[in-house]
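Notes to accompany the following structure.
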Amino acid sequence: MQLIDGKATAAAIKAEIAEEVKEIVAQGGKQPHLAAVLVGHDGGSETYVKNKVLACEACGFKSTLIRFEDNISEDELLCCVDKLNKDNDVDGFIVQLPLPKHIDEQKIIEAIDYRKDVDGFHPINVGRMAIGLPCFISATPLGIITLLKRYGIETSGKKCVILGRSNIVGKPMAQLMMQKQYGDATVTVCHSRSKTLKEECRAADIIIAAIGQPDFVTADMVKEGAVIVDVGTTRVPDVTRKSGFRLNGDVKFDEVAPKCSYITPVPGGVGPMTICSLMKNTLAAGKKEYYK
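Okay, here's the thing in structure tokens:
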């Protein structure tokens, strides 16, 4: 069993990005600029955004954090999005999800200029990704594809089961794993209503678990030599930790790991790659790689 080290891979990629940014700036080019909008004080979002700011520093990007209290109106937030759309210095920006209940997330996503949508959530980017056109790919699926490639894991013709059908991970992951230039695999998507979920998993060469239930994938669901990618990050209480909680994946790691050829840990697997992919998208936005 080999552990897929997302932390080390992300650090290597950020170092590569930093080198490229140095060259761009040395040649008189513009330093890439990422802005993040954070509404309210959700603990997970706070941590995530802080890590994004640190990643920007590591990559040599300019970063801006815009904060609002969770009683901000939808119109005020749309006004902020409009400002960022029009700001020529900002190459890409994200509005951190989830948003408070009174704000329509989809409306906010669709208001973002798709040429600055480095989260890859805008319908134009999602549609372009689905038909294999160049675009911003949402960060977690892009991070997973990058990990599989960097570790030389064979995906072509393999049976891949994706657990979960969210717009952020499950659906785009399925699209990428199906496409010739990415996974080139035979893909099955399972979810809470799937009757044959365990059987599907047992036949899979690659399982990508993004179902949001701690320890959901157990040893009896995994065949010998399978590749396991664990996207789950649920906070579970843990009195031995200073924070009072620990991050738990969707895979029961201790019992599943011995059966695998490769497995991602939680934390330190997919998480760091998600932020690293956002950096890749920001660099692409700065270089006008997909859209002029």
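In the working numbering, the protein residues as written are 843 to 1134. Don't be surprised by glycine CBs; every beta carbon is placed ideally from N, CA and C.
Once the 5 residues before and after residue i are set aside, which same chain residues still bring their CB inside 6 Å of it?
i, result
"F1095", "none"
"A1016", "I1004, V1029, V1031"
"R970", "C977"
"P1014", "S980, P983"
"T889", "none"
Classify residue i as helix, strand or coil using the three-state DSSP reduction.
i, result
"K1040", "helix"
"N1090", "strand"
"A900", "helix"
"G934", "strand"
"P977", "The question names Pro, but residue 977 is Cys in the sequence shown. Here C977 sits in coil by DSSP."
"D1062", "helix"
"T851", "helix"
"A1052", "coil"
Given this structure, state the Cα-to-Cα distance separating residue i from residue j, to the nearest angstrom.
i, j, result
"Q873", "T1124", "11 Å"
"A900", "A852", "11 Å"
"D924", "P965", "17 Å"
"F963", "T906", "20 Å"
"S1085", "G885", "11 Å"
"M1121", "D1047", "30 Å"
"L941", "R957", "22 Å"
"A972", "A1051", "21 Å"
"D917", "Q938", "17 Å"
"D959", "F978", "7 Å"
"G999", "K1022", "10 Å"
"Y857", "R1035", "Reading off the sequence, residue 857 comes out as Ala, not Tyr. Cα to Cα, A857 sits roughly 42 Å from R1035."
"D1072", "L845", "12 Å"
"V1112", "H944", "31 Å"
"K1001", "D1057", "22 Å"
"D933", "K904", "10 Å"
"F910", "D1026", "42 Å"
"Q948", "S915", "15 Å"
Which residue comes first and which comes last in the beta strand (DSSP E) that contains residue i?
i, result
"R1083", "Premise fails: R1083 is in no beta strand (DSSP E) and is neither H nor E."
"A1068", "1068–1072"
"I799", "Here the chain covers residues 843 to 1134 and nothing more, so residue 799 does not appear."
Over what stretch of residues does the alpha helix (DSSP H) that includes residue i continue unbroken?
i, result
"C922", "916–928"
"T1124", "1112–1128"
"K1098", "Correcting the residue type first, residue 1098 is Val in the shown sequence and not Lys. It spans 1095–1098 - the alpha helix (DSSP H) in which V1098 sits, taken as one unbroken run."
Tell me which same chain residues have a C-beta within less than 8 Å of the C-beta of residue i, skipping the five on either side of it?
i, result
"C1043", "V1003, L1005, C1032, I1049, V1059, M1063, V1064"
Between residue i and the rest of its own chain, which residues show a CB-CB distance below 7 Å, the 5 nearest in sequence each way excluded?
i, result
"S1119", "A981, L984, G985, T988"
"S887", "L880, Q938"
Problem - Inside the region 860–910 only - alpha helix (DSSP H) runs reaching at least 4 residues - result: 885–901
Next item on the list: May I have a chain-ordered list of the beta strand (DSSP E) segments no shorter than 3 residues that lie completely inside the region 944–1028?
Entry: 1001–1005
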